[in-house]
Amino acid sequence: MKTADMTPEDHIVEAKSYAGQCDQQAAQTHALIAIAQYLELLVRPEYVDVNHTPALDWSGDRS
3 MKTADMTPED HIVEAKSYAG QCDQQAAQTH ALIAIAQYLE LLVRPEYVDV NHTPALDWSG
63 DRS
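Quick note: the sequence shown uses the numbering used here, first residue 3, plus one each step.
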């Protein structure tokens, strides 16, 4: 899979895999790409309602 076709979740899986292989630079790179992709979602108009509340739940409440 090409890096451009990967979702943030794919990048997190790759980051964990590289961290397990002790390749910290590759792990950090994939983690940063995942963060950038999540941040991109926050600024897209379709992910914000009329009150400008992000559609993603960043509160940490996973219930």
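Backbone N, C-alpha and C define an ideal beta-carbon position, used for all residues, glycine too.
Check	Outcome
With DSSP run on the structure shown, which of helix, strand or coil describes K70?	The requested residue 70 does not occur in the structure, where the chain is confined to residues 3 to 65.
I need the straight-line Cα distance from L34 to C24, nearest angstrom please.	17 Å
Drop a sphere of 10 angstroms on the beta-carbon of E16, count the other beta-carbons inside from all chains shown, and report buried for 16 or more, exposed for fewer.	buried
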